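Enquirer:
Protein chains: 2
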Amino acid sequence: MPRVADHDARHGQITDAVQRLIVRHGLAAVTVARTAAEAGMSVGLVQHYFTAKDEMLLATFTRVNGRFTARVDELVNRGEAEGRTIAEMLRQALAELVPLDDARRAEFLVRLAFADRAAHNARLAAVQRETLVGIRSRVAQAIDNGTACGEVAQGIDAADQALQIVAFTEGLALHAHIDPDGTPKPAILAALDGRLGRVFTGTCRHTQPG
Amino acid sequence: MPRVADHDARHGQITDAVQRLIVRHGLAAVTVARTAAEAGMSVGLVQHYFTAKDEMLLATFTRVNGRFTARVDELVNRGEAEGRTIAEMLRQALAELVPLDDARRAEFLVRLAFADRAAHNARLAAVQRETLVGIRSRVAQAIDNGTACGEVAQGIDAADQALQIVAFTEGLALHAHIDPDGTPKPAILAALDGRLGRVFTGTCRHTQPG
Numbered sequence: 001m002p003r004v005a006d007h008d009a010r011h012g013q014i015t016d017a018v019q020r021l022i023v024r025h026g027l028a029a030v031t032v033a034r035t036a037a038e039a040g041m042s043v044g045l046v047q048h049y050f051t052a053k054d055e056m057l058l059a060t061f062t063r064v065n066g067r068f069t070a071r072v073d074e075l076v077n078r079g080e081a082e083g084r085t086i087a088e089m090l091r092q093a094l095a096e097l098v099p100l101d102d103a104r105r106a107e108f109l110v111r112l113a114f115a116d117r118a119a120h121n122a123r124l125a126a127v128q129r130e131t132l133v134g135i136r137s138r139v140a141q142a143i144d145n146g147t148a149c150g151e152v153a154q155g156i157d158a159a160d161q162a163l164q165i166v167a168f169t170e171g172l173a174l175h176a177h178i179d180p181d182g183t184p185k186p187a188i189l190a191a192l193d194g195r196l197g198r199v200f201t202g203t204c205r206h207t208q209p210g
Numbered sequence: 001m002p003r004v005a006d007h008d009a010r011h012g013q014i015t016d017a018v019q020r021l022i023v024r025h026g027l028a029a030v031t032v033a034r035t036a037a038e039a040g041m042s043v044g045l046v047q048h049y050f051t052a053k054d055e056m057l058l059a060t061f062t063r064v065n066g067r068f069t070a071r072v073d074e075l076v077n078r079g080e081a082e083g084r085t086i087a088e089m090l091r092q093a094l095a096e097l098v099p100l101d102d103a104r105r106a107e108f109l110v111r112l113a114f115a116d117r118a119a120h121n122a123r124l125a126a127v128q129r130e131t132l133v134g135i136r137s138r139v140a141q142a143i144d145n146g147t148a149c150g151e152v153a154q155g156i157d158a159a160d161q162a163l164q165i166v167a168f169t170e171g172l173a174l175h176a177h178i179d180p181d182g183t184p185k186p187a188i189l190a191a192l193d194g195r196l197g198r199v200f201t202g203t204c205r206h207t208q209p210g
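Chains C and S, in that order, give the protein sequences. Numbering-wise (full-length UniProt numbering), the first sequence opens with residue 1 and increments by one. Numbering-wise (full-length UniProt numbering), the second sequence opens with residue 1 and increments by one.
#1: Is it buried or exposed for residue 221 of chain C, if we count other Cβ within 10 angstroms and need 16 for buried?
#2: Can you tell me whether residue 186 of chain S is buried or exposed, with buried defined as 16 or more other CB within 10 angstroms of its CB?
#3: When burial is assigned at 16 or more other CB atoms within 10 Å of the CB, is residue 210 of chain C buried or exposed?
#4: Return the residue from the list S:88, S:20, S:110 and S:123 that minimises the CA-CA distance to residue 55 of chain S.
#5: Under the three-state reduction of DSSP, which class applies to residue 120 of chain S: helix, strand or coil?
#6: For residue 61 of chain S, which three-state DSSP category applies?
#7: Starting from the C-beta of residue 113 of chain S, find all residues in its chain whose C-beta is less than 6 Å away, skip the five residues before and the five after it, and write them out in chain order.
#8: Which whole-angstrom value describes the C-beta separation of residue 179 of chain S and residue 127 of chain C, a residue pair presumed to lie in contact below a C-beta threshold of 8 Å?
#9: Out of C:195, C:94, C:37 and C:45, which has the shortest C-alpha to C-alpha gap to residue 152 of chain C?
#10: Within 9 Å (strictly less), CB to CB, does residue 133 of chain S reach chain C?
#11: What are the residues in the region 115-145 of chain C lying within 8 Å of chain S by C-beta distance?
#12: With burial defined as no fewer than 16 other Cβ atoms inside 10 Å of the residue's Cβ, what is the status of residue 25 of chain S: buried or exposed?
#13: Going straight from the alpha carbon of residue 85 of chain C to that of residue 59 of chain S, what length do you get?
#14: Distance check for residue 146 of chain C and residue 66 of chain S, CA to CA, integer angstroms please.
#15: Using only CA atoms, which one of C:34, C:137 and C:168 lies nearest to residue 189 of chain C?
#16: Going by the CB atoms, is the gap between residue 78 of chain S and residue 192 of chain S shorter than 9 Å?
#17: By the three-class DSSP mapping on this structure, what secondary structure does residue 254 of chain C have?
#18: Mapping the DSSP letters down to three states, classify residue 152 of chain S as helix, strand or coil.
#19: How would you list, in chain order, the residues of chain S whose beta-carbon sits under 7 Å from the beta-carbon of residue 182 of chain C?
#20: Thinking just about the alpha-carbon of each residue, which of C:93, C:9 and C:182 is nearest to the one in residue 49 of chain C?
#21: Would you say residue 112 of chain C faces chain S, with C-beta separation under 9 Å as the test?
#22: Report the option in S:197, S:142, S:159 and S:131 whose CA atom is closest to the CA atom of residue 62 of chain S.
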């Protein structure tokens, strides 16, 4: 009875094919026929899983966002196991939003393509907003954790700082994409460090020796 | 002999029509036929001015960017005439990048649409990069002017700060678009003020009384 597993696997093959097409040619070039060819399936099989192109795009966007979130969670878990500071974990997590290598560039291009499309599609806009709110609330939680453990000074407005930090990161990501030569990787990481350093000014009591 | 004036007027009518279509339906919906209908012209007349859709898009993007730059220059000229501080003029200029009203939202949607498209079109990418570099260098110039007159402390790296300030503004713009309720106008203006306030910490000697 491998039906559920098959279904999930096919679903993933199709949305991965959509992502590759977006990275290579842009969202405008995505059609059901091209997606089927890219995924090595028949058009009929793709249509069995997604009745319309919009459904296929929504599934792709949801999957890319889910993968990002899972990667950040993994980073945080590993960071906690290794006793990293909250600021370090946050810096690593935020750097995942910036097109600093091929994998992150592929994700960035998908987010960018959908940012345009979502301006005229309510369901895509909802996924986009939920993703953004989710990222911001994770950053706000990290700041609150920092306040509790001493890495962040008392009285910092976590929600406001989270909004500013995430907006800054996405702006850097956009500039790294538009003008990679003028926005080198070390400058981006230093800018993120500097921005976090204005909020994370203390030392966590839990990790302090003695 | 009104040929040149006619040409410019037609050109503007066509690119304005493209902009309206992008705002209303997205870049994917733009065709030569729809643009002709929106501009109230024949398809043949549009094709007389633009031999291909890509030419029409490039002209629209160039025009929107040019209009933004002209508006910022006007703001700065007026601000100088009124004796505003450099920080105030810069805040106003940066706020032009954020979708805070219908006019700025229309421009933002066009920039967003082209940001996606430019990822797969070298000529659009070049216009996009030039525009970004132009904005950054204007902000860097404003910081240098601030250093000369006393509004900015000595030793500030103008290029680095300009990069960070523009990236932050564009990130805020993206968030104001994706999640307007979570990014209200006062919060955006306060965030811009706060960011500029970290660089513009002094008072201009020219405008100081006494």
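For each residue, glycine too, the CB sits at the ideal point set by N, CA and C. Because the structure is a prediction, the values reported are computed rather than measured.
Expert: Let me lay it out:
#1: Residue 221 of chain C lies beyond the residue range present for chain C, which begins at 1 and ends at 210; the question has no answer from this structure.
#2: What you label residue 186 of chain S is simply residue 186 of the second sequence in a count that begins at 1. Looking at its Cβ environment, which holds fewer than 16 other Cβ atoms inside 10 Å, residue 186 of chain S is exposed.
#3: In the first sequence, counting from the first residue as 1, residue 210 of chain C sits at position 210. Unreliable positioning characterises residue 210 of chain C in this predicted model, as indicated by a pLDDT of 41, which lies under 50. The coordinate reading is nonetheless provided below. Residue 210 of chain C should be labelled exposed.
#4: As a working note, residue 55 of chain S is residue 55 in the second sequence. Minimum Cα distance to residue 55 of chain S is reached at S:123.
#5: Reading the second sequence from its first residue, position 120 is the one you call residue 120 of chain S. DSSP places residue 120 of chain S in coil when its eight states are reduced to three.
#6: Position 61 of the second sequence, counted from the first residue, corresponds to residue 61 of chain S. Of the three classes helix, strand and coil, the one that applies to residue 61 of chain S here is helix, per DSSP.
#7: Counting from one through the second sequence, the residue named residue 113 of chain S turns up at place 113. 22 and 27, listed in sequence order.
#8: Here the question's residue 179 of chain S lines up with position 179 in the second sequence. Here the question's residue 127 of chain C lines up with position 127 in the first sequence. So it is not a contact: roughly 12 Å between Cβ atoms.
#9: Locating residue 152 of chain C in the first sequence gives position 152, counting from the first residue. Among C:195, C:94, C:37 and C:45, the Cα nearest to that of residue 152 of chain C belongs to C:195.
#10: Stepping through the second sequence from its first residue, residue 133 of chain S is reached at position 133. Yes, residue 133 of chain S lies at the interface with chain C (some Cβ there is under 9 Å from its Cβ).
#11: 115, 116, 117, 118, 119, 120, 125, 128, 129, 132, 133 and 136
#12: On the second sequence, residue 25 of chain S is found 25 positions in, with the first residue counted as 1. Classification of residue 25 of chain S: exposed, given that the 10 Å Cβ count is below 16.
#13: By one-based count along the first sequence, residue 85 of chain C stands at place 85. By one-based count along the second sequence, residue 59 of chain S stands at place 59. Distance between the alpha carbons of residue 85 of chain C and residue 59 of chain S: 49 Å.
#14: Along the second sequence, one-based indexing puts residue 66 of chain S at 66. Along the first sequence, one-based indexing puts residue 146 of chain C at 146. In a straight line, the C-alpha of residue 66 of chain S is about 45 Å away from that of residue 146 of chain C.
#15: Sequence index remark: in the first sequence, residue 189 of chain C carries index 189 (1-based). The shortest C-alpha separation from residue 189 of chain C is found at C:168.
#16: Residue mapping note: residue 192 of chain S aligns to position 192 of the second sequence, counting from 1. Residue mapping note: residue 78 of chain S aligns to position 78 of the second sequence, counting from 1. Against a cut-off of 9 Å, the Cβ pair of residue 78 of chain S and residue 192 of chain S comes out as no contact.
#17: Look at the range of chain C in this structure, 1 to 210, and you will see that residue 254 of chain C is not part of it.
#18: For this step, residue 152 of chain S is matched to residue 152 along the second sequence. Residue 152 of chain S: coil per DSSP, three-state reduction.
#19: One-based indexing of the first sequence puts residue 182 of chain C at position 182. Going along chain S in sequence order, the residues near residue 182 of chain C (Cβ under 7 Å) are 133.
#20: In the first sequence, the residue the question calls residue 49 of chain C occupies position 49. Out of C:93, C:9 and C:182, C:9 has the C-alpha closest to the C-alpha of residue 49 of chain C.
#21: Here residue 112 of chain C refers to the residue found at position 112 of the first sequence. At least one chain S Cβ lies under 9 Å of residue 112 of chain C.
#22: Taking the first residue of the second sequence as 1, we reach residue 62 of chain S at position 62. The residue with the shortest Cα to Cα distance from residue 62 of chain S is S:131.
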